[in-house]
Structure formats: structure tokens, C-alpha cells
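Before any comments, here is the structure.
Residue numbers (this note's numbering): 48 to 549.
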């Protein structure tokens, strides 16, 4: 069977690859640059001014999609001190433990870009913004934001209020204390303007440290960060003092860090991170390099993994509920649409192999997005290879398991506490292989500090229920909302139920 190039709402199948695609009949009303899956199942898209200086006063720079009925709502953006809408274009974000999304930074001006000292919170309960009462000290554009095991937010990197340098002083936030600087600067990321590493790919480790994978956004060819390219960051006690940086070796093709993808491989307890592809500049060439690191060993170092079938940058990596990694979007040469890659590939950690999947209808490069949905599909959108060229179309990828007989969850708690057991009801209990949590994604530019798959070991089972154990390590599963999945012995997952870790 060949690819059927239907226009709207038609499944696209390909015999040589797995799964199928559906191009939806409607598009996003804004340039989708950031996306987050909310605990309500809706999808929040962010643009702010959306890479268009004519839109700096856009009063509604976000859109919330209800996939159930295909409708969008447009929340009103909070105002700055001068009464203008805050431009959260290219902010960073991560989830608070109550399910609200913390968005940090934004854009104060174009050409040159200048960061904003701002924090906004999106509330999925009413789909509205609030301006955090306590604002960060540092202005940031293209920052990284990550939620820690104690629920605190940490942000670092990003262009400052002058537009001339990085804000090298990380900050941390809690609802009790507001925003506070760490007392010391980052040492390895102080470079001339054109060489700033932004949107650093950070992962929370099981010991509370942060791992910087080496992937980032930067616009200069032949660029490496420090001597190693990747670091383990040790935060000071009580978030007071300076972050200690320990270089990690073994990362290959270190000149190809720009717009790479990296992901914490499933399950999170294995503490393995995969570095995938990347380019040597905004318009540069790409690599099919794959490196994997085991963070549990005493001296972690990257080792070479199986190469991608297609060299790519601007791509996205999504954890699927069958414990594989879905990589889509991107291309072989910067913003060259003619060298875009529509064929996704799927990595199976159990076999350490890549397989190709059915080709998408759209080529998506810079500002491409992909997020996992609670039913197990993947939503893709975006593509903004140059200012004024925007792809707002939306596609849904259905992995092969969507057409198979799937297990079902008949009952599950809506919340769970660390170290305890919960009961999951299912009539297929005897045939269930895995139970796990997946953190909903909040992504932009291939960066996602949120997504992780946490194994819930099966302690016992009956014919209609499973007793599973919740980790007692809050760094393995930071507090917040998760999607609960079960998978049968054929690695076919159920649809998800929402559960909050408290």
C-alpha cells in the first residue's frame, strides 16, 4: 500500500511502516510554539507574539484545544506594568504539583531579542492565566524550567534584560518563599552572545541532582559547551549557594548539539538518558548520532547507541505507553524544507533498535511540536522555518497498538502517596505485564523537562485487580498529575486514567 495523501480527517496508512496518521480538518488559531498537556486532557498552545513583531500586543497569545469536540478557547493574557499584554514568546515552563503550569520568561523586544523577568501561571481548572504575585529577578528568553522532587521550581539560562548575555544565575521558586536567586553563577555557560546555549535539556536524577544532556538551542556552527558538552549539576543544600558542575564524558559529535532531542528512557528507575541527533547551527547540517548514558553508575559516561535512520534536527522525542520512544519531525539540513523528514522512527530499549513508522503528511522543522495524549496517540503540529511562514495544521499519529485489542482500566484512585500501594481494577489483570505512570509533556524546541515514565511494580493480582507499588522517591516521580497506563503481555497499552502524586 502506498501513502494516501488525503487532505482532511483521513487516516493515512503505509504498509512499510507502523501506525497511521490523521490530518485534522481544523488548525491551531495561533502559531503553536509551546504545548502542554493539561490534567483535564486539554492541550495548551502558547505563542505570545509568535515570532512576529507585529503581534507584540496580542491580547490572547495562547489557545486551549478540547480534542473531544475540536474547539479552541483563547484565554486573555495578563498585562505588564504599562498595561500591555505580556509577551511570553519562547518562555520556559514546567508543572506545579497542583497541576497548574508555571511559565517563566518571555520576550521584551525583537531584533535583538531581550528577555523578560516574568512568571505566569496557567490554571487548567478555569483555563485562565494569573500573574504570579512574586516575580523572578532575572529576565530570561529561552530559559529552562524544571520541577524538583520537593515541588520547587528551578529555572536557569535564557537571554537577560540587556539582550547581550545569558542570565547565569539560576533561580528557584516555591509558593512559600517566591523566587530567589542561587548565590553563585553557572561557570561553563558564559560565552559571547552568538554562542549562548539556551533551552538546556535538564533531567531530574533519582538523587536530586540535575543532568544536563548537552542538547540545547544555539545559533552558531561548531559549538560545544565547555570541554565535555554534558554535566551533572549538584544543587546546594536548601537551594542556598552555588550549583556544582561535574563534566560528563563520552558525548560524540559535540558540535551537533543544536535542536537535538534527549529523553529519559523508560522506566525512569533505570536512570538512562538518550541523546538523539542535532545540528551544528540554526541553518547547519545534522547528525544521526545516538548516545546513551547510565546515570546510576559511579562514573557516568555516554556510550554510542544505535544510529537514527535519518539524521535530523528540530525533531521531537515522545515516550509511548508501550515503553518505546517515538521520534518525529525535523530534517537533514537546518530550515531546508526539501530535506525535511516525514518518516518517524521508534526506539525499543528492550532490543536497542530503531524501526521506521508510517510517514506523516506534513514536514515540520523549527518550532515543531509533538505530545503524547491520554488515549496513546501523539499530536503533532507547528513548523516555523522562517518568520512569516507558519504551519498551524494538526496531525494525530496512531501507533500500531491503537488498532489492537487493548486492556482497559475499570477503576483507579485519583491520587496516591509515595511509598504506598494502590489497586487498579481491570478485567485483564492476569494478562497485564506493566503498570506505569507517564508525566504529561510541556514542550518547546524539542525540550521537555517533564516527561518521564515511572514503573509501578505489580505486588499482587487477582482476576480483576492489580496491587501496585508507588515509588517512595519523589525525585523519580516529582509531585503532580500523571497518566496511569497498564500494558498487557503483548505490550499493548490501555487508555490512561489521571492520578495525582502527593
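Beta carbons: idealized from backbone N, C-alpha and C, even for Gly.
So, helix, strand or coil for residue 449, using DSSP?
helix
Report yes if the C-beta distance between residue 487 and residue 419 is below 9 Å; otherwise report no.
Yes.
Going by DSSP in three states, residue 286 sits in which element: helix, strand or coil?
helix
Check each candidate in 422, 426, 434, 495 and name the one with the smallest Cα separation from residue 534.
422
Cβ-based neighbour list, residue 522, same chain, cut-off 8 Å, excluding 5 preceding and 5 following
Excluding positions up to five away in sequence, the list reads 195, 196, 251, 252, 253, 254, 255.
Which class does residue 165 belong to by DSSP, given the choice of helix, strand or coil?
Reduced to three states, the DSSP call for residue 165 is coil.
Do you know how far the Cα of residue 335 is from the Cα of residue 356?
7 Å
Roughly how many angstroms separate the alpha carbons of residue 474 and residue 105, rounded to a whole number?
50 Å
Just checking my contact of residue 187 with residue 170 at CB under 8 Å: how many whole Å lie between their CB atoms?
Their Cβ separation, rounded to whole angstroms, is 22 Å, which puts residue 187 and residue 170 out of contact at 8 Å.
Please name the residue, chosen from 325, 155, 225, that lies closest to residue 103 on a Cα-to-Cα basis.
155
Report, in whole angstroms, the separation of the C-beta atoms of residue 100 and residue 157, which I expect to be a contact under 8 Å.
Taking 8 Å as the upper bound for CB-CB distance, residue 100 and residue 157 are in contact here, some 4 Å apart.
Which of the three DSSP states is assigned to residue 434 in this structure?
coil
Alpha carbon to alpha carbon, how far is residue 447 from residue 615? Give it in angstroms, no decimals.
Here the chain covers residues 48 to 549 and nothing more, so residue 615 does not appear.
Which residues mark the beginning and the end of the beta strand (DSSP E) in which residue 375 is found?
372 to 375
Just grab the DSSP bridge partners of residue 295 for me.
277
What's the C-alpha gap between residue 270 and residue 455?
Caution applies to residue 270, whose pLDDT of 46 falls short of 50 and renders its modelled position unreliable; the value that the coordinates give is listed next. Whole-angstrom Cα-Cα distance: 48 Å.
List the DSSP bridge partners of residue 341.
319
Out of 178, 208, 180, point me to the one whose CA is closest to residue 189's CA.
208
Figure out for me which residue from 413, 284, 94, 398 has the closest Cα to the Cα of residue 371.
Considering only 413, 284, 94, 398, the residue with the shortest C-alpha distance to residue 371 is 398.
Judging by CA-CA distance, which residue of 531, 510, 458, 285 is the nearest neighbour of residue 481?
531
Which same chain residues end up closer than 6 Å to residue 111 when comparing Cβ atoms and leaving out the 5 residues on each side of it in sequence?
Residues 89, 91, 120, 174 of the same chain have their beta carbon placed closer than 6 Å to that of residue 111, with the five preceding and five following residues left out of the count.
Helix, strand or coil: which one does DSSP assign to residue 335?
coil
With C-beta atoms as the reference, is residue 229 less than 9 Å away from residue 316?
Cβ distance not < 9 Å, so residue 229 and residue 316 don't count as in contact.
So, is residue 310 buried or exposed, given that buried needs 16 or more other C-beta atoms within 10 angstroms?
buried
Where do the N-terminal and C-terminal ends of the beta strand (DSSP E) with residue 81 fall, by residue?
81 to 84
On the DSSP letters alone, give me the boundaries of the beta strand (DSSP E) that residue 482 sits inside.
479 to 485
Put residue 386 into one of helix, strand or coil per three-state DSSP.
helix
Expressed to the nearest angstrom, what Euclidean distance is found between the alpha-carbon atoms of residue 185 and residue 259?
21 Å
Nearest neighbour of residue 485, chosen from 318, 477, 498, 478 [CA to CA]
498
Rank 392, 410, 445, 151 by C-alpha distance to the C-alpha of residue 382 and give the top, closest one.
410
According to DSSP, is residue 395 helix, strand or coil?
strand
Here's the rule: buried if 16 or more other CB atoms are within 10 angstroms of the residue's CB, otherwise exposed. What is residue 542?
buried
Which class does residue 327 belong to by DSSP, given the choice of helix, strand or coil?
coil
Would you say residue 541 lies against chain C (beta-carbon separation less than 9 Å)?
The structure shown contains no chain C; it holds only a single protein chain.
May I ask which residues mark the beginning and end of the beta strand (DSSP E) holding residue 259?
257 to 259
Can you tell me which of 72, 540, 506, 127 puts its alpha carbon nearest to the alpha carbon of residue 116?
72
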